[in-house]
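*Asks:* Below is the structure I would like to discuss, written out as structure tokens.
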Amino acid sequence: MRNTELRRRMAEFLGDEWAPSYAKDIVHAELGGHTVEEALAIGTEPGDIWRAICRHNPDVPKHLI
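6 is the number of the first residue of the sequence shown in our numbering; add one for each residue after it.
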């Protein structure tokens, strides 16, 4: 998965206004205690980040998983 696809899915799930804040502010145990932005900065693959978001948010629609 590319970074653009990660951001598209986040925006579809969370909304265009909430997704950037979520990426910057929400810390995930699934990402080693990092936010989405921090995980990207240290080289975590976008697909791994998306899977962590899905585990953290079980209400992600099936078509986005």
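We put the beta carbon where it would ideally sit given N, CA and C, even for glycine.
All figures in this text were calculated on a predicted structure; none of them were measured in a lab.
Taking a contact to mean a Cβ-Cβ separation below 7 Å, would you say residue 71 touches residue 8 in this structure?
*Replies:* Outside the displayed span of the chain (6 to 70) sits residue 71, for which this structure offers no information.
*Asks:* Per DSSP, which residues does residue 39 bridge with? Please list them.
*Replies:* Paired residues: 33.
*Asks:* Relative to the alpha-carbon of residue 30, which residue among 41, 68, 21 and 36 has its alpha-carbon at the smallest distance?
*Replies:* Cα-wise, what sits closest to residue 30 is 41.
*Asks:* Starting from residue 68, trace the alpha helix (DSSP H) in both directions and tell me its first and last residue.
*Replies:* Unbroken run through residue 68: none, as it is neither H nor E.
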